[in-house]
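Enquirer:
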Amino acid sequence: MPAAVRGGSRVTAKPRAKAPASPAKRPAGQAEGHAARRPSPKHILMIAAGVLTAALALTLATGGRGQQIADAVGHGIDGKFGEAGFRLATVHVQGASAMATPDIVRAAGIHKDDPLLGMDLEALRARVEAVGWVKEARVVRLLPDTLVIAVKERRQLAVWQHNGKSVVIDDQGQVIREANPARFATLPLVVGAGGAQHANEILPVLVQRPKLMARMEALVRVDDRRWDLRLKDGALIQLPAVEEEQALMQLEQLDLRSRILELGFERIDLRNPDVVAVRPRAPAPPQDPTAPAPPPAEGA
């Protein structure tokens, strides 16, 4: 299946395996150039419509006892529509990313040359919406041979790490099962129990502070009640359980006065709104000038 592109892709339906067809036998005495003429699509549709009406009347008249007969007739109608050219040739997937499109097409469970008018679009939509990437979907058939699957994709919010596993979550905290976390290195890392459910509350506040976000390595949920910000240099910022934005505003004011984010620290405790406690980073131990120089590296 060809690769899809973001914003709407055209996919040729996957062929269904078929048994080799046996050569048709020509009646004796019939000339090769006088084969039986194939009915026109208009005649086929008229016949199919008449048979469908008869099947419906039979089902109603028998109180449902003729359902098996009607189902068999329905399969025959599908075949007639297929003869008229109403078979699947192309699938358009709209609104899905390049990563999500193959999973959506696979879940749809459709194949090239499937009868287009015989498809259960509601069941197909339900299968597509069961895909982790998809928030909602709509399926439309365009005669004679095209199916459109329009989806609204879930917004990837963060990578959530818990119990040794990493998954991608959306902005409602739901796991996108098919998403590979290794391919989302630019998303924020959220760690700990309860992190997925509450990440959408704190991340919009942090995104407004790009200077801090650029230094952040992980957002750690503590006792499922508050957050710690772990920075790339090993420093820790402890936020309160409530009014996190006010605490971050205190941090911004402190940084304006002392450039604390650039100078570095070991820990900043913002849990008490009345006191900002800063633990400076311990200075590196001075080198002993009398100590012997390290030996040169091998091969230097």
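When we follow my numbering, the leftmost residue of the sequence shown carries the number 119, and every step to the right adds one. Every residue, glycine too, gets a C-beta built ideally from N, C-alpha and C.
1) How should proline 120 be labelled, buried or exposed, when 16 other C-beta atoms within 10 angstroms of its C-beta is the threshold for buried?
2) Let me confirm a value: alanine 173 is counted as buried when at least 16 other C-beta atoms fall within 10 Å, else exposed. Which label applies?
3) For the pair the region 287-296 and the region 259-278, tell me if three or more CB-CB distances fall below 8 Å.
4) Anyone know if the C-beta pair for arginine 339 and valine 293 falls short of 8 Å?
5) Measuring only the C-alpha atoms, how far is leucine 261 from lysine 283?
6) Apart from the five residues on each side of it in sequence, which residues of its chain come closer than 6 Å, Cβ to Cβ, to isoleucine 378?
7) Return the CA-CA distance between aspartate 341 and glutamine 279, expressed in angstroms with no decimal places.
8) My understanding is that alanine 268 touches alanine 255, with C-beta atoms under 8 Å, so please give their C-beta distance in whole angstroms.
9) Jot down the residue ranges of each uninterrupted beta strand (DSSP E) in the region 208-275, minimum 3 residues, whole runs only, in chain order.
10) Name the DSSP bridge partner or partners of valine 285?
11) Can the beta-carbon of proline 391 be found less than 8 Å from the beta-carbon of glutamine 356?
12) Once DSSP output is grouped into helix, strand and coil, what is the label at glutamate 380?
13) Go ahead and pull the three-state DSSP assignment for glutamine 356.
14) Excluding the 5 residues flanking methionine 331 on each side, which residues of the same chain have their C-beta closer than 7 Å to its C-beta?
15) My guess is that valine 252 and isoleucine 228 are in contact by the Cβ rule of under 8 Å, so how many angstroms apart are they, rounded?
16) Since leucine 265 contacts aspartate 231 with CB under 8 Å, what's their CB separation in whole angstroms?
17) Can you check whether the CB of glutamate 384 is closer than 8 Å to the CB of arginine 397?
18) Under 8 Å, do glycine 250 and arginine 295 count as touching if we go by C-beta distance?
19) With DSSP collapsed to three states, give me the class of valine 393.
20) Tell me which residues share the same chain as histidine 152 and place their Cβ nearer than 7 Å to its Cβ, disregarding the 5 neighbours each side in the sequence.
21) Just grab the DSSP bridge partners of aspartate 387 for me.
22) So, at 7 Å on beta carbons, what are the nonlocal neighbours of glutamate 247 in its own chain, with the 5 sequence-adjacent residues on each side left out?
23) Measure the C-alpha to C-alpha separation of arginine 348 and leucine 305 and round it to an integer number of angstroms.
24) For aspartate 342, name the three-state secondary structure that DSSP assigns.
25) From proline 401 to alanine 336, what does the alpha carbon distance come to, in whole angstroms?
26) So glycine 213 packs on lysine 270, CB below 8 Å; how close in whole Å?
27) Identify the continuous alpha helix (DSSP H) that holds leucine 321 and give its terminal residues.
Expert: Concretely, from the data shown:
1) What you label residue 120 is simply residue 2 of the sequence shown in a count that begins at 1. For proline 120, the pLDDT reaches just 38, beneath the cut-off of 50, and the residue's location in the model is therefore unreliable, although a value from the coordinates is still provided. Exposed.
2) Working through the sequence shown from its first residue, we reach residue 173 at position 55. Note that alanine 173 has pLDDT 47, beneath the 50 cutoff, so the model's placement of it is unreliable and the number below is only indicative. Label assigned to alanine 173: buried.
3) With a cut-off of 8 Å, the region 259-278 and the region 287-296 count as touching, because enough Cβ pairs lie within range.
4) Your numbering for residue 339 matches position 221 in the sequence shown. Your numbering for residue 293 matches position 175 in the sequence shown. Cβ atoms of arginine 339 and valine 293: not closer than 8 Å.
5) Here the question's residue 261 lines up with position 143 in the sequence shown. Here the question's residue 283 lines up with position 165 in the sequence shown. Near 46 Å, if we compare the C-alpha coordinates of lysine 283 and leucine 261.
6) By one-based count along the sequence shown, residue 378 stands at place 260. So the list reads Leu372, once near-sequence residues are dropped.
7) If you number the sequence shown from 1, residue 341 lands on position 223. If you number the sequence shown from 1, residue 279 lands on position 161. Using only the alpha carbons, I get a separation of about 15 Å.
8) As a working mapping, residue 268 is identified with position 150 in the sequence shown. As a working mapping, residue 255 is identified with position 137 in the sequence shown. Indeed, because the Cβ distance is near 7 Å, the residues count as touching under 8 Å.
9) 208-212, 252-260, 264-271
10) Taking the first residue of the sequence shown as position 1, residue 285 is located at position 167. Looking at the DSSP assignment, valine 285 forms a beta bridge with Trp278.
11) As a working note, residue 391 is residue 273 in the sequence shown. As a working note, residue 356 is residue 238 in the sequence shown. Against a cut-off of 8 Å, the Cβ pair of glutamine 356 and proline 391 comes out as no contact.
12) For the purposes of this step, residue 380 is taken as the residue at position 262 of the sequence shown. Here glutamate 380 sits in helix by DSSP.
13) Position 238 of the sequence shown holds residue 356. Reduced to three states, the DSSP call for glutamine 356 is strand.
14) Residue 331 sits at position 213 when you count from the first residue of the sequence shown. Excluding positions up to five away in sequence, the list reads Leu324, Val325.
15) Mapped onto the sequence shown, residue 252 falls at position 134. Mapped onto the sequence shown, residue 228 falls at position 110. Not a contact, Cβ separation roughly 16 Å.
16) The residue labelled residue 265 in the question sits at position 147 within the sequence shown. The residue labelled residue 231 in the question sits at position 113 within the sequence shown. Their Cβ separation, rounded to whole angstroms, is 12 Å, which puts leucine 265 and aspartate 231 out of contact at 8 Å.
17) Mapped onto the sequence shown, residue 397 falls at position 279. Mapped onto the sequence shown, residue 384 falls at position 266. Yes, they are a contact pair.
18) In the sequence shown, counting from the first residue as 1, residue 250 sits at position 132. In the sequence shown, counting from the first residue as 1, residue 295 sits at position 177. Cβ atoms of glycine 250 and arginine 295: closer than 8 Å.
19) Position 275 of the sequence shown, counting from 1, holds the residue named residue 393. Shown here, valine 393 sits in coil according to DSSP, grouped into three states, outside any helix or strand.
20) Locating residue 152 in the sequence shown gives position 34, counting from the first residue. Reliability fails at histidine 152, whose pLDDT of 39 lies under 50, so the model's placement of it is uncertain and the value that follows must be treated cautiously. No residues qualify anywhere along the chain.
21) Position 269 of the sequence shown, counted from the first residue, corresponds to residue 387. DSSP lists Gln356, Ala395 as partners of aspartate 387.
22) The sequence position of residue 247 within the sequence shown is 129, counting from 1. Excluding residues within five positions, the ones whose Cβ falls inside 7 Å are Glu254, Ala255.
23) Residue mapping note: residue 348 aligns to position 230 of the sequence shown, counting from 1. Residue mapping note: residue 305 aligns to position 187 of the sequence shown, counting from 1. Their Cα atoms are separated by approximately 15 Å.
24) As a working note, residue 342 is residue 224 in the sequence shown. In the three-state reduction of the DSSP assignment, aspartate 342 falls in the coil class, being assigned neither a helical nor a strand state.
25) As a working note, residue 401 is residue 283 in the sequence shown. As a working note, residue 336 is residue 218 in the sequence shown. Between proline 401 and alanine 336, the C-alpha separation is close to 25 Å.
26) Here residue 213 is taken as the residue at index 95 of the sequence shown, counted from 1. Here residue 270 is taken as the residue at index 152 of the sequence shown, counted from 1. Indeed they touch by this definition, with Cβ atoms about 6 Å apart.
27) In the sequence shown, counting from the first residue as 1, residue 321 sits at position 203. The continuous alpha helix (DSSP H) containing leucine 321 extends over residues 313-325.
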